[in-house]
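When we follow this note's numbering, the leftmost residue of the sequence shown carries the number 9, and every step to the right adds one.
Note that the Cβ used here is the ideal one computed from N, Cα and C, for glycine as well.
Computed from a predicted model, the values in this text were never measured in an experiment.
Report on the following structure.
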Amino acid sequence: MNILGIETSCDETAASIISDGQLISNIVYTQQIHKKYGGVVPELASQEHLNEILDVVDATLNQASLKLSDINGIAVTYGPGLMGSLLVGLNFAKAMSLSLKIPFLGTNHLEGHLFSNYIENQNITFPNICLLVSGGHTQIWLIKDYSTFELIGETTDDAAGEAFDKGAKILGLEYPGGPEIDKISKNGNVTFVNFPRPRVKNSPYSFSFSGLKTALLYYSQKTNQDEFQNNISDIAASYQEAILDCLFNALEKLAIDYPDVKDIYISGGVAANNRLRVKSKQFELDYRKNIILPKLEYCTDNAAMIAMAAYQKIINGQKSSYDLAPIPNLKL
Ligand code: KG4
Ligand code: ZN
9 MNILGIETSC DETAASIISD GQLISNIVYT QQIHKKYGGV VPELASQEHL
59 NEILDVVDAT LNQASLKLSD INGIAVTYGP GLMGSLLVGL NFAKAMSLSL
109 KIPFLGTNHL EGHLFSNYIE NQNITFPNIC LLVSGGHTQI WLIKDYSTFE
159 LIGETTDDAA GEAFDKGAKI LGLEYPGGPE IDKISKNGNV TFVNFPRPRV
209 KNSPYSFSFS GLKTALLYYS QKTNQDEFQN NISDIAASYQ EAILDCLFNA
259 LEKLAIDYPD VKDIYISGGV AANNRLRVKS KQFELDYRKN IILPKLEYCT
309 DNAAMIAMAA YQKIINGQKS SYDLAPIPNL KL
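Right under this line is the structure:
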């Protein structure tokens, strides 16, 4: 069984193939056009998906040494994401499905991020917890089995990735800000600025990052610009540490409140962060839990996770109808 995954929810045009449960190809084209605008421009994103999707699907077939006629089903993201971007992938999948007479299944991007943990990990134990930290979402899920998820906390304002992106803008760094802050913080002093670690009252699993971003803005406004630039790596490292501490504060509470859960997965773009990976090792030692992080290429948006989330469902006969429309604010 060869399942093709297609992902176009934001600014990555991606396609991937899972064959008999194993990932055999994975192509991601990250759109570069948005860098000069300091953020994703929705109209340009959908245009870029249109320009690239055929080549990306071709490349994934080549990597897998398969022909179009070898594909048995298609998994495609239908939300959440940008309307125009989702439309490109979904319509492409429908056209392929019609012409090849194979089923397609609209798949939730967030479910994809949860399944990104399983791409290379065969020994899944339930229940487990997944901290999903991306550009659009910061959520904690209690995962009871492959299809039963309970939301136990989420951000009340910005997502963690958004805090990285908006912070990077204030620091004068490029979009996307997460990898830039990650890089520039490498040798920075994490205690140089004592940024707040905001908490949401009476809600230990909720997050709030907008005040932190404002604290960085005020700090930049009151600091002499030469001094600011001279200490940029220390300031970035301190800001990054504050974001990560908010995440780990919640994980610490989880470790105590859910003693039966042994494995904590972290997925989404922010899971690629190097300092988060260092702090995860320390957390494992302190709390005797396993923290499992996907390989870097499965943290940020990709189609392998979409094919993974849909694989078993398509095998079991689930399919979408051709009137399925994109849902930009789709929930899990
Ligand atoms: O999961 P993702 O690719 O897309 C969404 O579904 O949103 O996540 C993108 C987010 C961006 O905010 C980006 O800045 C952040 O993930 N990100 C990182 C790193 N790499 C990507 N944040 C911190 N450190 C990184 N190394
Ligand atoms: Zn994503």
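With contacts defined as CB atoms closer than 8 Å, residue 332 and residue 98 qualify as a contacting pair. Secondary structure at residue 298: strand, using DSSP grouped into helix, strand and coil. Between the alpha carbons of residue 221 and residue 212 lies a distance of about 20 Å. Contact annotation: the segment 265-273 touches the segment 294-310, with at least three C-beta pairs closer than 8 Å. Scanning its chain for C-beta atoms nearer than 7 Å, with the 5 sequence neighbours on each side dropped, one finds around residue 105 the residues 82, 111, 112, in chain order. The shortest C-alpha to C-alpha distance from residue 167 to any of 185, 147, 183, 159 is the one to 147. Here residue 87 is near residue 94, since their CB atoms are less than 8 Å apart.
Contact check for residue 283 and residue 252: beta-carbon distance about 6 Å, within the 8 Å limit, so the pair qualifies. A heavy atom of the ligand ZN is found nearer than 7 Å to the CB of residue 309. Exclusion of residue 29 from the 7 Å shell around the ligand ZN follows from its C-beta lying no nearer than that to any non-hydrogen atom of the ligand. In this chain, residue 271 is not harboured by any alpha helix (DSSP H); it is covered by the beta strand (DSSP E) spanning 271-275.
A distance criterion of 7 Å places the beta-carbon of residue 57 beyond contact range of the ligand ZN, judged by its closest non-hydrogen atom.
In the DSSP assignment, residue 254 falls within the unbroken alpha helix (DSSP H) covering 240-265.
Taking 7 Å as the cut-off, the C-beta of residue 268 does not count as close to any heavy atom of the ligand KG4.
One thing to note: residue 175 has its Cβ no nearer than 8 Å to the Cβ of residue 139. With a threshold of 7 Å, the Cβ atom of residue 13 does not count as near the ligand ZN, since no heavy atom of the ligand is closer than that. Residue 42 and residue 321 have their C-alpha atoms roughly 35 Å apart.
Between residue 318 and residue 11, the C-beta spacing is below 8 Å.
Closest by C-alpha distance to residue 163, out of 24, 241, 208, is 208.
Runs of the beta strand (DSSP E) spanning 3 or more residues and lying entirely within the segment 116-151 occur at 136-141, in chain order. Look at residue 222 here: in three-state DSSP terms it is helix. Counting only runs of at least 3 residues, the segment 146-234 fully encloses the following beta strand (DSSP E) elements, listed from N- to C-terminal order: 146-153, 156-162. For residue 162, the CB stays at least 7 Å from every heavy atom of the ligand KG4.
DSSP places residue 12 outside any alpha helix (DSSP H); the residue lies instead in the beta strand (DSSP E), whose first and last residues are 10-15. Short note on residue 175: C-beta not closer than 7 Å to any heavy atom of the ligand ZN.
Annotated as proximal: residue 173 and residue 143, with beta-carbon spacing under 8 Å. Proximity to residue 218 across 171, 237, 189, 190 peaks at 171, based on C-alpha coordinates.
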